[in-house]
Structure formats: structure tokens, C-alpha cells
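Asker: Supplied in C-alpha cells, the structure appears directly below.
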Amino acid sequence: MKLIIALVFGLSSIALASEKAYDLKIELTMNGQKVSSPRLIVKSGETGSVTQEQGADKIFMDVVAIPSAPVEGKPVVQMNFVVGKINADGSKTVLSTPKLLTHENSPAQIFQKDQSGKDLLSLSVVPTSLSL
642 MKLIIALVFG
652 LSSIALASEK
662 AYDLKIELTM
672 NGQKVSSPRL
682 IVKSGETGSV
692 TQEQGADKIF
702 MDVVAIPSAP
712 VEGKPVVQMN
722 FVVGKINADG
732 SKTVLSTPKL
742 LTHENSPAQI
752 FQKDQSGKDL
762 LSLSVVPTSL
772 SL
């Protein structure tokens, strides 16, 4: 009888386990102009996507967020981005593939400049951990 109760209790605790996810507050600037400020909720390891029209251009942003090894006892999140343009024929041109690493609830920002030193892209994000 004890075995059956333990087994049922064990299975119920597995069913109650939650999935790790992240609430990402993102700001994307291209050529000095704010393109998008989305808030994405993504499951750990899964791709979240945003498409934004800016005039005649369509911009896309994909992101995968995963937990990384804690630093000084604080949780860390690694975020892998792909940012680019969607061409008239529907194909995608990748402009940047930044990777950011930061503590949960802490901002991270990266800048990309062209050959002349002019701002090409700025990406900032604040990840917050969620349980789904």
C-alpha cells in the first residue's frame, strides 16, 4: 500500500512541475531609429519571433533564451538573436546574430557599427524568469 501511495504522489508532483520560460523586454534600433519594442514570452530553448514593418522594409527578429551557469549565485540567461530583413520575395537577409548573456532581471545591450563607425544596430533586453 505504501508503494502505491508513493508512486501516485510522485506522479502528481511530476505533473505539477512547470516549464521554464522567459519574459523578454526588447528594444531594437537600426540606423539610429527605434524599430521595435516587443515583449516576448518564450519557453526555454524555443524560438520566439517578431516581424515589424518599417516603411517599405520588413524587419524580423528571432530569439532563443536558455539558462546558463549561475554567476555569484545569481541565475544567468543566454539569449541568441537573429536580426534581419525580409525581402520582397519573402527570403530573409540576416543582418546580425548577437548573443547576450546577463543575470535575470538585469539589462543587457549590444551595439553594432558599420565600417565608418556609424550606428547600424542596437539591441537591448531585460529577461525575467517565468514558470509556465
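Residue numbers (our numbering): 642 to 773. For glycine and all other residues, C-beta sits at the position ideal for the given N, C-alpha and C.
Skipping 5 residues on each side, what residues in its chain have a beta carbon closer than 8 Å to that of K726?
Answerer: D698, K699, I700, F701, K733, T734 and L736
Asker: Skipping 5 residues on each side, what residues in its chain have a beta carbon closer than 8 Å to that of P716?
Answerer: P708, H744, E745 and S770
Asker: Which partner residues does T670 have in the DSSP bridge list?
Answerer: K675 and S763
Asker: If you check the beta carbons only, do V718 and D703 fall under 8 Å apart?
Answerer: no
Asker: Looking only at its own chain, which residues have a Cβ that is under 6 Å from the Cβ of V667, when we skip the five neighbours before and after it?
Answerer: Per the sequence presented here, residue 667 reads as Ile, with Val not at that position. In the same chain as I667, and ignoring 5 residues on each side of it, the C-beta atoms closer than 6 Å to its own belong to P679 and V766, in chain order.
Asker: Could you please give the first and the last residue of the uninterrupted beta strand (DSSP E) stretch that includes E694?
Answerer: T688 to Q695
Asker: Can you say whether V676 is buried or exposed, counting buried as having 16 or more other CB atoms within 10 angstroms of its CB?
Answerer: buried
Asker: Just the C-alpha distance for Q750 and P739, rounded to the nearest angstrom, thanks.
Answerer: 10 Å
Asker: So if DSSP puts A662 in a beta bridge, which residue, or which two residues, is it bridged to?
Answerer: K684 and L771
Asker: Starting from the N-terminal side, write out each stretch of the beta strand (DSSP E) that is 3 residues or longer and does not extend beyond the stretch 689-757.
Answerer: 698-712, 715-727, 733-737, 740-744 and 749-754
Asker: Here's the rule I'm using: 16 or more other beta-carbon atoms within 10 Å means buried, otherwise exposed. How should A729 be labelled?
Answerer: exposed
Asker: Would you grab the beta carbon distance between I682 and A710 for me? Rounded to a whole angstrom, and I think it's under 8 Å.
Answerer: Incorrect: roughly 23 Å between the Cβ atoms, too far for contact.
Asker: Return the chain-ordered list of same chain residues with a C-beta closer than 6 Å to the C-beta of I655, the five sequence neighbours on each side being excluded.
Answerer: Residue confidence is low: I655 scores 43 on pLDDT, short of 50, so the model does not pin down where it sits. No coordinate-derived value is stated.
Asker: Report the rounded CA-to-CA distance for D755 versus S747, giving the unit in angstroms.
Answerer: For D755 and S747, the distance between alpha carbons rounds to 27 Å.
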